[in-house]
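Visitor:
Okay, here's the thing in structure tokens:
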């Protein structure tokens, strides 16, 4: 059975960079917001990079993203997936990323992990004509990367 992406992208006309995941985890789909699994380090990485207090609520997170001109979405609109496992993804339908780009000032795209990068390259690059920069996944499944190691790789976001 196909799972549907149920989270609205976060962006506005002032967004300059776009961070794309592959598809929301079970916890994120339940909460209807990005990177909601407590072990995912996405929000800790951004809090550290931008040196902000802990972002507690979904509203805090949305306000932070918009204030820093960051758009956030996923490549996939719907797919078949077992739990939250990127490796089980099949029968992919992609989100309309070009529409988001057209409605903003996005000039840089970062993908959160290899799966998002592969999907973006396969389905979106030809449409958007914007190369993505693949960053190491903030997922707890990427245990080889400590928070410190993630921060070193993700620092490039600050240069956009």
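Numbering (UniProt numbering), first residue to last: 1 to 160. Note that the Cβ used here is the ideal one computed from N, Cα and C, for glycine as well.
Are residue 110 and residue 135 close, meaning C-beta to C-beta below 8 Å?
Guide: Mapped onto the chain shown, residue 110 falls at position 110. Mapped onto the chain shown, residue 135 falls at position 135. Yes, the Cβ-Cβ distance between residue 110 and residue 135 is below 8 Å.
Visitor: With contact counted as at least three CB pairs below 8 Å, one residue from each stretch, are the stretch 54 to 68 and the stretch 82 to 91 in contact?
Guide: No: fewer than three Cβ pairs fall under 8 Å.
Visitor: Is DSSP giving residue 91 helix, strand or coil here?
Guide: Taking the first residue of the chain shown as 1, we reach residue 91 at position 91. Strand, per DSSP.
Visitor: Would residue 130 and residue 11 be called neighbours here (beta carbons separated by less than 8 Å)?
Guide: The residue given as residue 130 occupies position 130 in the chain shown. The residue given as residue 11 occupies position 11 in the chain shown. No, these two residues do not count as a Cβ contact at 8 Å.
Visitor: Compare the Cα-Cα distances from residue 106 to each of 49, 13, 123 and 29 and report the closest residue.
Guide: Locating residue 106 in the chain shown gives position 106, counting from the first residue. Comparing Cα-Cα distances from residue 106 to each of 49, 13, 123 and 29, the minimum goes to 13.
Visitor: How would you label residue 150, buried or exposed, when you count the other beta carbons within 10 angstroms and need 16 or more for buried?
Guide: Counting from 1 along the chain shown, the entry for residue 150 is found at position 150. Answer is buried; the Cβ neighbour count reaches 16.
Visitor: Would you mind working out which of 141, 97 and 55 sits nearest residue 126, comparing C-alpha positions?
Guide: Position 126 of the chain shown, counting from 1, holds the residue named residue 126. Comparing Cα-Cα distances from residue 126 to each of 141, 97 and 55, the minimum goes to 97.
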